[in-house]
Amino acid sequence: MKRLAFLIFALTAFMLGMGTMQPATPPPLRFVAIEVRIDPMGEALGAYQVEVTLPGGRLVGVEGGSAESFASPPHYDPRALHSGGRERVIIAALADQAPPVSREAVVAVLHYAVAGEVELEPKCVLIAAGDEAANRLNATSRAVVAEPVPLTNEGDGP
Amino acid sequence: VKNRVIVLAGVLLLVLLAGCSTAPSQPAHRAYEKSRHSASTYRPADESGQDERSWVRDFAGAPADELWVIVPPERHLLPPNDESPGSGTMFTPTSTGFAALPLEMTTVEARITSIFAGVEVLQEFRNPYAEKIEAVYAFPLPQDASVTGFVMTIGQRTIRAVVREREEAEALYYEARKAGKNAALLTQERPNIFTQKVANIEPGQNIDINITYFHTVSLADGWYEWVYPMTIGPRFRPPNATRRTTSPTRHPTPYLTATDSATPRVSINLTIDTGVEIHDLESPSHAISTTEASPGKWLVNFADSSVAADRDFRVRYRVGGNGPQGSLALADAGPGTRGGYFALTITPPLNPSEMATRPLEMTFILDRSGSMKGKPFDQARAAIDYALGQLSPADTFQIVSFSNDVSRFANAPVSASREAVRQGRAYLRSLRADGGTMVIQGINSAFAQRNDRQRTRVVVLLSDGLVSNEAEIIGRVHARADDVCVFSFGIGDAPNRFLMNRIARMGDGAATYIGASDDPVEPMRLFLEQVSTPALTDVRIDYGSLAVRDIVPDRIPDLWLGRPITIVGRTRSNPSDINTGTITITGKVNGITRRIEIPVDPAVASSTDTLPYIWARRKIMQLVDEATYLSPDPRQREIRKLALNYGLASPFTAFVAIDALSQTSGTSGTTIIQPLPMPNGMRYETSVESSEDR
């Protein structure tokens, strides 16, 4: 009987220990933007395809860049995004009818939700870049954390 | 004794601890974290009692009950909750009705090429209030629409939304709303109804939403018809319906009355580019202006610059010649991907004059609910009246009518003698439209009749289809006896086309629509011609050298006169690698084998890049259909995977767009639900106000 009592108390202590463990509170979400920059090294950029990863980030929006010829939001590959749980963001775009990009420019802005205060370490791999005649370009790319827009989106009043 | 007391105390303690350790309900805003790991098992906190299969009965996420319980506007002040923070949900009725509302204008750019339509919808929202708002807007789309794009524009900035699992998309949206971010969310409530939310619109701010979708144009009785639905009729909820939904949308839908001046406006620019001569271009629903841009290419607009969004916009036309008996379209699967897609349209090779007709057992099921009151009910009765006059004494007929209850013209189908037809017409005239929409009882009553093997047994449902228990109805039609064909007539200017089409498809029949301005006789005449003429049965397709897979529908139904069918699927080879050959379709008409041959020639087959999305959407719809009567789990997973891989909205996926860069003042705004106009021909008093009494 003593053994049984001991067992019960041991179990009780274990359960009490479990009870004091609070369920993990999910870390708060924050929203960050990543700029995708491409430098076509003096050539006119006609099209690009890049892969961007942001550890801990979930893509929530795809925006065009500040470069006029890539102002329209690029398309993303949904299959790559949702395959294997790796959140691979592959975007691609063709240049619009606008002055072409020939120096480093922001061609896209990716909007992410990030859980917790993890350090933001975006990575960007240039899959392909071409000029307006579809010739391959020797370009470089990088992804950097964008500065938040300081002003609110205030309208002109009701 | 002491030991026993210790043991008892220990056991009691364990029991107490076990009770306390039961996990509290998961708050909805935590779905993000949870859904990252086990999205398929997540259920919002207040949907207790819902079993794993409940999604099937509710159309894979469609809220069967909550969204369409109609309440007069003055009762729409909802308390704050997780999903409507701050000061809660608000309506702004004035003494004359609704004042300014967030949705200012909808502009539609559509292009029809062959049988495929690509549509871009621009919804312009503006906050007319002095405080920040969230705009919520439920709107219809074609039931076969493949929604592939959702873009939010704030000032000069345009953000493309991302497709995510629905639970995660909703959680992200609510987090962004709470954080004061501009955000937008698009969820599918039913296959033909979507809800859009736009968060943190500041006073005077404009936010535009662009939605892109593809679908197929219908072809029936020689007419191509393109429909843009503009409003949603209030739904009747059967009294025995249980609360079961996986949708977070719990807002009731407000309706504008005739005195409200804030009815949303719509303008449409439609291009029809068939490449062949177009005849009889017309709209049964609106006054239009048409311009022939070039041979085979027409531009269509409203005669006025914009119209009130109170009915479906319908455009129809014929094309030159008799048309082929079949056509093939091919599409590439995309760079770096093997295989492709195809669409095969088959037109039944039937000539009514050559066919011996078989006597009919015709059962009309007439909806006499309050939503049918007025012109829709008159149209439905006129159609049946005409049909009765066309039956021969060799045929039998029955009329079943339903609202809150069911009544029959006779105990059993009677011979269509002159006297019986006279009595049938008198019965029709005696009916009044009022009360609820107990469709299932009407269908049960029709199916319960004794089988007459000497006649072709046809059941015809005439209804606006504005009910919430769609899955139950479709499941019942699927479970009918094999020898019954079910046809549907959608009545009114904004019928539930999803339900009427699905009833016909499940019932191996065809759907027809009679708008408030249509002649009800002609559609009924064509229908009688169809059912009097044997269908092409036992249809088999030999694809020859075209290696195919994942065909939708996987079972080829019987083909009725004037009702072509389009089959979509995937090819194992890229279109450019497909060898020329022949697709051979065989079937029987009155026991005689008929044969159609369609050439396969990649150089000649029409090409469209919309085909992958149309295939994926149809595949999802087939899976959802199957889930209404089969075990759901494998299909739910497959639907999620398909929708995510093709970037489509579905019952389990949603579009979310969040502007991470900018920040609005404060944390969240007041929720404004955009009221909808009542469908033309429906009465607010009998459709909305009376639903309160039911």
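One line per chain: the protein sequences are A and B, in this order. Residue numbering for the first sequence is 1 to 158, as defined by our numbering. Residue numbering for the second sequence is 1001 to 1694, as defined by our numbering. We put the CB at the ideal spot given by N, CA and C, even for glycine.
The closest CA to that of residue 140 of chain A, considering only A:66, A:107, A:81, A:134, is found on A:107. At a cut-off of 7 Å between beta carbons, residue 31 of chain A contacts chain B. Contact check for residue 1598 of chain B against residue 1583 of chain B passes: the beta carbons are separated by less than 7 Å.
What residue 122 of chain A touches in chain B, judged by beta-carbon distance under 8 Å, is nothing: the nearest beta carbon there is about 13 Å away.
Inclusion of residue 1477 of chain B and residue 1507 of chain B in the CB contact set at 7 Å is warranted, their separation being smaller than that value. Proximity to residue 1365 of chain B across B:1401, B:1383, B:1517 peaks at B:1401, based on C-alpha coordinates.
Taking a cut-off of 8 Å on C-beta distances, the region 1136–1155 of chain B does not touch the region 22–37 of chain A, as fewer than three cross pairs fall below it. Here the alpha carbons of residue 104 of chain A and residue 1216 of chain B stand approximately 43 Å from one another. Buried is the label assigned to residue 1286 of chain B, since at least 16 other Cβ atoms lie within 10 Å of its Cβ. When the beta-carbon positions are compared, residue 1231 of chain B and residue 1611 of chain B stay at least 7 Å from each other.
Looking at the DSSP output, residue 1650 of chain B bridges to B:1653.
Contact annotation for residue 1620 of chain B against chain A: no contact, minimum CB-CB distance about 14 Å [criterion: below 8 Å]. At least one CB of chain B lies nearer than 7 Å to the CB of residue 59 of chain A. A straight line joining the alpha-carbon of residue 1537 of chain B with that of residue 1510 of chain B spans about 14 Å. Of the residues assessed, residue 1572 of chain B falls on the exposed side of the cut-off, its CB having fewer than 16 other CB atoms within 10 angstroms. Scanning chain B for C-beta atoms nearer than 7 Å to the C-beta of residue 79 of chain A yields 1645, reported in chain order. Under the criterion of beta carbons closer than 8 Å, residue 62 of chain A and residue 91 of chain A qualify as touching, at roughly 6 Å.
Closest option to residue 1309 of chain B, judged by alpha-carbon separation, among B:1545, B:1493, B:1297, B:1570: B:1493. Under the Cβ criterion of 7 Å, residue 148 of chain A is counted among the residues facing chain B. Of all residues in the region 1477–1501 of chain B, none is placed with a Cβ closer than 7 Å to any Cβ belonging to chain A. When C-beta distances to chain B are compared with 9 Å, the residues of the region 63–75 of chain A below that value are 63, 64, 71, 72, 73, 74, 75, in chain order.
Straight-line measurement puts the Cα of residue 1449 of chain B at about 14 Å from the Cα of residue 1360 of chain B. One finds 63, 64, 71, 72, 73 in chain A with Cβ atoms closer than 9 Å to the Cβ of residue 1158 of chain B, taken in chain order. Beyond the five residues adjoining it in sequence on each side, residue 1433 of chain B comes within less than 6 Å, by CB distance, of 1368, 1372, 1373, 1377 in the same chain, given in chain order. Sequence-distant Cβ neighbours of residue 1581 of chain B in its own chain, meaning closer than 6 Å and more than five residues away, are 1544, 1545, 1600.
Between residue 95 of chain A and residue 58 of chain A, the C-beta gap is not smaller than 7 Å, which leaves the two residues out of contact.
With distances taken between CA atoms, residue 1266 of chain B lies nearest to B:1105 out of B:1284, B:1550, B:1105, B:1416. With contacts defined by Cβ atoms closer than 7 Å, residue 1664 of chain B and residue 1127 of chain B do not form a contacting pair. Taking a beta-carbon distance threshold of 7 Å, residue 98 of chain A does not count as an interface residue toward chain B. About 6 Å separates the CB atoms of residue 1314 of chain B and residue 1225 of chain B; that is less than 8 Å, so the two are in contact.
Burial is judged here by how many other beta carbons sit within 10 angstroms of a residue's own beta carbon; residue 55 of chain A has fewer than 16 and is exposed.
Annotation: residue 1198 of chain B has no Cβ neighbours in chain A at a cutoff of 7 Å; minimum Cβ distance is about 12 Å. No Cβ-Cβ contact shorter than 7 Å links residue 143 of chain A with residue 38 of chain A. A direct Cα-to-Cα measurement between residue 1682 of chain B and residue 1256 of chain B gives close to 12 Å. Setting aside the 5 residues that flank it on each side, residue 1111 of chain B is surrounded in the same chain by 1118, 1271, each with a C-beta closer than 6 Å to its C-beta; the list follows chain order.
Inclusion of residue 1585 of chain B and residue 1346 of chain B in the CB contact set at 7 Å is warranted, their separation being smaller than that value.
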